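Q: In our numbering, the protein residues as written are 64 to 138.
C-beta atoms are modelled at their ideal positions from N, C-alpha and C, and glycine is treated no differently.
Keep in mind it's a predicted model, so treat the numbers as computed, not measured.
For reference, the structure I am asking about is given below.
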Amino acid sequence: MVQNVVATGKAKALVGINTNFGDTAKLSGITVVGSPSLKVCDKFKGNNTGAEPTELGSGADGVNCIYSDSDITFK
Numbered sequence: 064m065v066q067n068v069v070a071t072g073k074a075k076a077l078v079g080i081n082t083n084f085g086d087t088a089k090l091s092g093i094t095v096v097g098s099p100s101l102k103v104c105d106k107f108k109g110n111n112t113g114a115e116p117t118e119l120g121s122g123a124d125g126v127n128c129i130y131s132d133s134d135i136t137f138k
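Laid out in structure tokens, this is it:
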């Protein structure tokens, strides 16, 4: 769970999870400062080879990336 966080800087995503491994991320009370293009939750198909995982998409889905628009504030 990521809760009551102020995110600043130039990151591409706040969290990244491997959905095929059952990862989940629940977020609330997030404030993103100065990075309007930040993806809140990126989903990947993880592997056990050490290779870069395949990106599957991003955003809330209610299953793996759990949050609502009201949980995230962009400033």
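Under 8 Å Cβ to Cβ from Ile80, same chain only, skipping five residues before and after it: list those, please.
A: Position 17 of the sequence shown, counted from the first residue, corresponds to residue 80. These residues qualify, in order along the chain: Asp86, Thr87, Ala88, Cys104, Asp105, Lys106, Phe107, Asn127, Cys128.
Q: Quick one: Cα of Gly109 to Cα of Lys75, how far?
A: Residue 109 sits at position 46 when you count from the first residue of the sequence shown. Residue 75 sits at position 12 when you count from the first residue of the sequence shown. Taking the straight line joining both Cα atoms gives about 18 Å.
Q: Exposed or buried, which one is Val78 when buried takes at least 16 other CB atoms within 10 Å?
A: Start at 1 with the first residue of the sequence shown, and residue 78 comes out as number 15. Buried, by the Cβ-count rule.
Q: In the DSSP assignment, find the beta strand (DSSP E) that holds Lys8 and state where it starts and stops.
A: No information on residue 8 is available, as it lies outside the stretch 64 to 138 that the chain covers here.
Q: Are the CB atoms of Ser100 and Asp134 within a distance shorter than 9 Å?
A: As a working mapping, residue 134 is identified with position 71 in the sequence shown. As a working mapping, residue 100 is identified with position 37 in the sequence shown. No, the Cβ-Cβ distance between Asp134 and Ser100 is not below 9 Å.
Q: Just list the residues that DSSP pairs Ser91 with in beta bridges.
A: On the sequence shown, residue 91 is found 28 positions in, with the first residue counted as 1. Partner(s): Gln66.
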